Amino acid sequence: MEETNLSKTITLRPFRLSDADDLITYGGDEQVTRVLRGWKTLTTRDEALTFIKDVCIPHPWRRSICMDDRSIGFVSMYPGSGNDSYRADMGYAIAAKYWGQGITTKAVKMALSQVFKDYPDLVRLQSFVDVENKACQRVLEKAGFQREGVLRKYLYFKGSIKDMVVYSFLSTD
Ligand SMILES: CC(C)(COP(=O)(O)OP(=O)(O)OC[C@H]1O[C@@H](n2cnc3c(N)ncnc32)[C@H](O)[C@@H]1OP(=O)(O)O)[C@@H](O)C(=O)NCCC(=O)NCCS
């Protein structure tokens, strides 16, 4: 692992409209967006601005992963409502030039310590990952999530029905 970038300041903060240009570097990259539900690949600065304004800022819990305060990715947590408010789904991505440096694992660990404070009733964080997305699974494992099993033919996504691995992290973990 390269230590240079990991030793830079990695922080989480809400998105700002001024993140539009930085968002394009990963939200405009098909390598990143092709596995993300609810994201279409951004092609213009205006699309990035609209996405920040309409999706990222109103999101219940979406944080920009920042290096020296510039957005290089995101981590999101989406809580259930009503009787399901004890559990939430987590997702994340980071710009391709930073892959493999441990940054997302660090960001997910930071998110874990924050979301259980922000949502005191939260008991279970979960993530459903395509069986083929090994990097995503590895991040969850390194962050302390438990692999619970495979849901066969569970998710219809972009033309095929995927087997999904389920991971969880409990407030007591
Ligand atoms: C998944 C993603 C967030 C990982 O980010 P990252 O910052 O590279 O993650 P980290 O460096 O913290 O850890 C990645 C781990 O996956 C491993 N990995 C990467 N590609 C792999 C592969 N094809 N097979 C097995 N392991 C792999 C790395 O070796 C590393 O593990 P290690 O530290 O034990 O060596 C990033 O690749 C990404 O944004 N991908 C596109 C969006 C996405 O898939 N989001 C997740 C949807 S659930």
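For the numbering used here, count along the sequence shown from 1 and bump the result up by 1142.
C-beta: ideal position from N, C-alpha, C; glycine also.
The model shown is predicted, which means the values in this text are computed figures rather than measured ones.
Spatial neighbours of residue i within its chain, please: C-beta separation below 7 Å, excluding the five flanking residues on both sides.
i, result
"S1227", "P1221, D1263"
"A1285", "T1247, V1250, K1251, L1254"
"D1315", "G1286"
Quick one: Cα of residue i to Cα of residue j, how far?
i, j, result
"E1290", "C1208", "30 Å"
"V1307", "G1180", "19 Å"
"L1191", "D1305", "34 Å"
"L1154", "V1217", "8 Å"
"E1274", "S1206", "25 Å"
"R1294", "S1302", "12 Å"
Give me, in chain order, the residues of the same chain whose beta-carbon lies closer than 6 Å to that of residue i; leave out the 5 immediate sequence neighbours on both sides.
i, result
"T1151", "D1210"
"Q1173", "A1238"
"Y1309", "S1269, L1282, F1287, R1289"
"M1219", "W1203, A1230, M1232, V1257"
"E1316", "Nothing about residue 1316 can be read from this structure; the chain reaches only from 1143 to 1315."
"Y1296", "M1306"
According to DSSP, simplified to helix, strand and coil, what is residue i?
i, result
"A1235", "strand"
"Y1168", "helix"
"S1160", "helix"
"D1305", "strand"
"L1254", "helix"
"E1145", "Confidence at E1145 is low in this model, with a pLDDT of 49, below 50, so its placement is unreliable and no value can be given for it."
"Q1173", "helix"
"Y1228", "coil"
"V1271", "strand"
"L1293", "strand"
"T1153", "strand"
"Y1298", "strand"
Who are the near neighbours of residue i in its chain, counting only those whose CB is closer than 8 Å to its CB and skipping five residues on each side?
i, result
"G1169", "T1175, W1181, T1183, L1184, A1190, F1193"
Original post:
Are the segment 1245 to 1256 and the segment 1177 to 1188 in contact at 8 Å, needing three or more beta carbon pairs?
Top reply: Short answer: they don't touch.
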